[in-house]
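Numbered according to my numbering, the sequence shown terminates at residue 141, and the numbering increases by one at each position without gaps.
Even glycine gets a Cβ: it sits at the ideal position worked out from N, Cα and C.
Keep in mind the model is a prediction, meaning the values are calculated, not measured.
First up is the structure itself, then whatever we jot down about it.
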Amino acid sequence: MAAWQSRFRFQTLFVLIQYFGYLRRNPDDPPEPSLDFQGYNFWLAKLNQFNGNFINAEMVKAFITSGEYRQRFGP
67 MAAWQSRFRF QTLFVLIQYF GYLRRNPDDP PEPSLDFQGY NFWLAKLNQF
117 NGNFINAEMV KAFITSGEYR QRFGP
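Here it is, written out as structure tokens:
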């Protein structure tokens, strides 16, 4: 597997795991307003923008401070 394929695979799976782990849902399930992977695509693009560096992309922070997460699991 080429390095770019490995990186792409990590990034797509990492975003998916954020949805499963923090929000306990698929990326296109409600309350996703458009049900067309808009949020997933946003986070994948952001992760790609930071070359897979999820810390600099502030992904985990965004998921755990989201209204959806806080409503479900508390402050």
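Spatial neighbours of residue 105 in its own chain (CB-CB distance under 7 Å, excluding positions within 5 residues in sequence) are listed in chain order as 93 and 98. Taking every protein chain shown into account, the CB of residue 111 has fewer than 16 other CB atoms within 10 angstroms, so this residue is exposed.
In this structure, residue 123 lies near residue 113, with their beta-carbon atoms less than 8 Å apart.
DSSP places residue 105 within a helical segment (H, G or I) once states are collapsed to three. Per DSSP, the continuous alpha helix (DSSP H) segment holding residue 128 begins and ends at 125-130.
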